[in-house]
Every structure is written in structure tokens, then in C-alpha cells.
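Report on one structure; see the data block that follows.
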Amino acid sequence: MESPVHSLNGLFAQLGLPNSDQNIADFIEQHKPVADNKKLADLDFFNDSQRAFLRESLAQDADWAEVIDTLDSLLRHAADIRPS
């Protein structure tokens, strides 16, 4: 059985954050770049429940892990992801 595939929009909705493409681009632009020595789930711009969800999903290699890794990567790189 194949695991469900989640999107960044779905992850942001799961975290209780505005989840339009523009909202996501704005969030990433506002918070990047994240230092390499900081774990995504430890970043202070997430609240306690968001950090717990991120930690648990990554620790369990849950079906959210891939899209969480994508968000992590987007926050660590300086490339502009704004829609054209």
C-alpha cells in the first residue's frame, strides 16, 4: 500500500498556518535563511504544538516527513520561491 503524498499547502494547513501558495512563499521569505545548526522543529517561529508535530512526524518517519524535509530545505536556501 502506498503512503499518501502531502503537499506544502497540506503541511501548512496541518500546522494551522495560512496555506495558499502566496502565504507559503511569504512565510519562507520572512523566515529564511535558517542556520544549518538549528533543527526545523526547534525554530522559535513555530509554536509548541507545531514543533511537537514536526518532531513526531520526523521521528516516526511519518508520511509527512518528506514534505517537512522540503520545507526545511526551502528555509535553508536563499533561492526565491515566489510565484511568477
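Counting with our numbering, you get residues 1265 to 1348 for the letters of the sequence shown.
Beta carbons: idealized from backbone N, C-alpha and C, even for Gly.
Nothing here was measured: the structure is a model prediction, and the numbers come from that model.
Check                                                                                                                       : Outcome
Range of the contiguous alpha helix (DSSP H) that encloses L1279                                                            : Note, L1279: premise wrong, no alpha helix (DSSP H); not H, not E.
Beta-carbon contacts of S1337 that lie in its chain and below 7 Å, excluding the five residues immediately before and after : none
Exposed unless 16 or more other CB atoms sit within 10 angstroms - verdict on D1285                                         : exposed
CB of G1280 within 9 Å of CB of V1331, strictly                                                                             : no
Beta-carbon gap between A1299 and R1319 smaller than 9 Å                                                                    : no
Distance between A1277 and N1311 (C-alpha atoms, nearest Å)                                                                 : 14 Å
Distance, P1297 Cα to R1340 Cα                                                                                              : 5 Å
Environment of V1269 [buried if 16+ CB atoms lie within 10 Å]                                                               : exposed
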